[in-house]
DNA sequence: ATGTCGTAACGTTTACGA
């Protein structure tokens, strides 16, 4: 089972690029972030004709997450638990049942948090505390499950081409990285790093200042796997070449395969 | 170089978020 995560930066602007990539990469599941659309504005037909079921959790203009799946999406829930007043659309869950295993999928768009300090950074850290709570509950289920998406976290210096440019940024502040490590260290496997070591692997290049042309990237899109899911993983890759196309997102897809 | 995008709005340009 091939499962991808992809921050598309707007479904209206990215529909062609997204369907082109789906046709080539043929993921069974695509977990999307920054759809920047209300649920009613998210197109279903282009995905239905390719065999995908669609579940969305959107809002006007900003944020928004979705899951596309060739398998039926069961037990869909929307919103990260822990704050009834949080109206930002950043979390969606669903279960898919493969030939061998059921997988609980969590799609997330973690707050950016800039500038530091400030209310947006406070919101990021508070959101991560709620994420940790959900992660603990997920582990307690002792089933194959994953949390995938745009974490807006650069885990280590080797995950940035120029880490010195990010020292004051919410994506790389010690508090942000510590919160990410606390979650990983509960017992999750960070899929990409379980299979590939060393610098030079990125999932985001800013539109500004020729970041792509200079390969000034960062790795901020991640899969965290429960032990039961990690045991099923057979591959994890980044579709870097997508970034060179016409009208690209500033992120590229990251995907895993599971023997599920 | 405050450098680029995507979205929305009392839109032919500005504001915001990233």
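Residue numbers (the numbering used here): 158 to 417.
Every residue, glycine too, gets a C-beta built ideally from N, C-alpha and C.
In this structure, the alpha-carbon of residue 254 lies about 43 Å from that of residue 325.
Nearest in C-alpha terms to residue 235, of all of 227, 228, 244, is 244.
Within 10 angstroms of the beta-carbon of residue 218 lie fewer than 16 other beta-carbons, which makes it exposed. Boundaries of the alpha helix (DSSP H) around residue 281: 276-297.
Taking all protein chains shown into account, residue 383 has 16 or more neighbouring C-beta atoms within 10 Å of its C-beta and is therefore buried. In the structure shown, the three-state DSSP call for residue 173 is helix. For residue 389, the secondary structure class from DSSP, reduced to helix, strand or coil, is coil. Here the alpha carbons of residue 224 and residue 356 stand approximately 30 Å from one another. Residue pairing by DSSP places residue 252 opposite 231, 261 in a beta bridge.
Minimum Cα-Cα distance from residue 200 among the listed residues 183, 335, 170, 182 corresponds to 170.
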